[in-house]
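Residue numbers (the UniProt record's numbering): 3 to 340.
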Ligand code: KG4
Ligand code: ZN
């Protein structure tokens, strides 16, 4: 069983992705981004599932080719069961079921949120793996969660957003500033050139480890409207400072909750994942905690933080070792907890 080849397929939202793993090593990791959604300022579910149908065969072909692995060598197929957009999930699950059936190999269902966390267990040179227990902060356009990870499949959500995800907070703020979607990376870019203390936005008061970002978005909207009414070129003249202040506030909100989670659990290992973990400010602040508070932080390779199939594959590998297989009766789920 030491030679396991797994084909992993991810199609929960707007990226069609396939990866081939040899045990815990990634041989190929292919993602087809659906740029069609950008003109709508967000993901259009119907367009997403249609694009998955077009992309899935070429993406899987490319993944097998890059890995230099033949279909016949595969030991199992892992796919994203949920959470995600139903129409998108169904494309990946139907394809995986048919392929597993045709090749007569096991089918493995993977929870996308667990996969974001377990991506840290991909064997990658220069990247250390966390040890159990650790805290995982998953931050993306769709999710904001703090999870206490006791073991591979023993996880507990200890905090999550009650409204918008962090990525949405970035993207919606960017929209208010007339920046194109997805605006997170642009806010990050301008933020690095500005003064984070130029403007103050009040942080939401949410009890415990949960998050809320919708109030911040409204506060930013009113702030911009008020200032633009007085000075029509307010945004252009202050773009860097505005972005820097918004980013600073969002990071403060995240850091406050992680600090509280560390205090409540006594766990000082923090692993982040999800597209927003690309943010330069968050990376910097997290790294600072290592010296300041003695935490140990883990940031995966960039291609494993945004939606990808390699993370589905590493969960597939763990489940393969445990023989956690499914029949083709397994159903996709728009919502699932751990
Ligand atoms: O994980 P991801 O690629 O897709 C899902 O949402 O599942 O995350 C995308 C999100 C978007 O909201 C995008 O604006 C945000 O991640 N993002 C960033 C940065 N890079 C991507 N937000 C802030 N700073 C960044 N550098
Ligand atoms: Zn995701």
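We put the CB at the ideal spot given by N, CA and C, even for glycine.
Classification of residue i by the beta-carbon crowding that lies within 10 angstroms, buried from 16 upward
i	result
residue 17	buried
residue 13	buried
residue 286	exposed
residue 85	buried
residue 282	exposed
residue 238	exposed
residue 63	exposed
residue 108	buried
residue 235	exposed
residue 319	buried
residue 295	exposed
residue 249	buried
residue 290	exposed
residue 292	exposed
Distance cut-off 8 Å: residue i Cβ against heavy atoms of ligand 1
i	result
residue 291	no
residue 142	yes
residue 54	no
residue 90	no
residue 307	yes
residue 296	no
residue 145	yes
residue 215	no
residue 162	no
residue 301	no
residue 282	yes
residue 200	no
residue 311	no
Bounding residues of the alpha helix (DSSP H) (the contiguous stretch that carries residue i)
i	result
residue 51	47-69
residue 100	88-105
residue 176	168-178
residue 75	First-last for residue 75: undefined, no H or E at that position.
residue 288	282-295
residue 145	Note, residue 145: premise wrong, no alpha helix (DSSP H); not H, not E.
Inter-residue Cα distance where the pair is residue i and residue j
i	j	result
residue 192	residue 177	14 Å
residue 330	residue 93	14 Å
residue 5	residue 240	56 Å
residue 83	residue 201	43 Å
residue 258	residue 265	11 Å
residue 124	residue 134	15 Å
residue 148	residue 199	27 Å
residue 47	residue 56	15 Å
residue 323	residue 144	30 Å
residue 99	residue 138	30 Å
residue 219	residue 252	10 Å
residue 205	residue 129	33 Å
residue 260	residue 246	21 Å
residue 52	residue 58	10 Å
residue 325	residue 7	14 Å
residue 30	residue 197	41 Å
residue 74	residue 195	52 Å
residue 340	residue 210	20 Å
residue 183	residue 189	11 Å
residue 112	residue 317	7 Å
residue 215	residue 171	6 Å
residue 66	residue 24	12 Å
residue 277	residue 162	16 Å
Extent of the continuous beta strand (DSSP E) run through residue i
i	result
residue 162	156-162
residue 248	Taken as a continuous stretch (DSSP letters only), residue 248 belongs to no beta strand (DSSP E), being part of the alpha helix (DSSP H) at 236-267.
residue 82	78-84
residue 225	Careful: residue 225 lies outside any beta strand (DSSP E), inside the alpha helix (DSSP H) at 216-232.
residue 30	27-35
residue 275	271-275
residue 364	The question about residue 364 has no answer here: the residues shown for the chain are numbered 3 through 340.
Contact test: residue i Cβ vs ligand 2 heavy atom, cutoff 8 Å
i	result
residue 14	yes
residue 185	no
residue 44	no
residue 39	no
residue 276	yes
residue 118	yes
residue 122	no
residue 24	no
Count the C-beta pairs between the region 42-52 and the region 333-340 that are closer than 8 Å, then say yes if the count reaches three, no if not. no
Are the region 102-116 and the region 210-230 in contact at 8 Å, needing three or more beta carbon pairs? no
Take every Cβ of the region 166-176, pair it with every Cβ of the region 301-321, and state whether three or more of those distances are shorter than 8 Å. no
Quick check: the region 116-123 against the region 295-306, are there 3 or more CB pairs under 8 Å? yes
Pairing CB atoms from the region 265-275 with CB atoms from the region 292-299, are three or more of them under 8 Å? yes
Assess contact between the region 228-237 and the region 158-172, defined as three or more Cβ pairs (one per stretch) separated by less than 8 Å. Is contact present? no
Could you check whether the region 152-162 touches the region 178-188, counting it as contact only if at least three pairs of C-beta atoms, one from each stretch, sit closer than 8 Å? no
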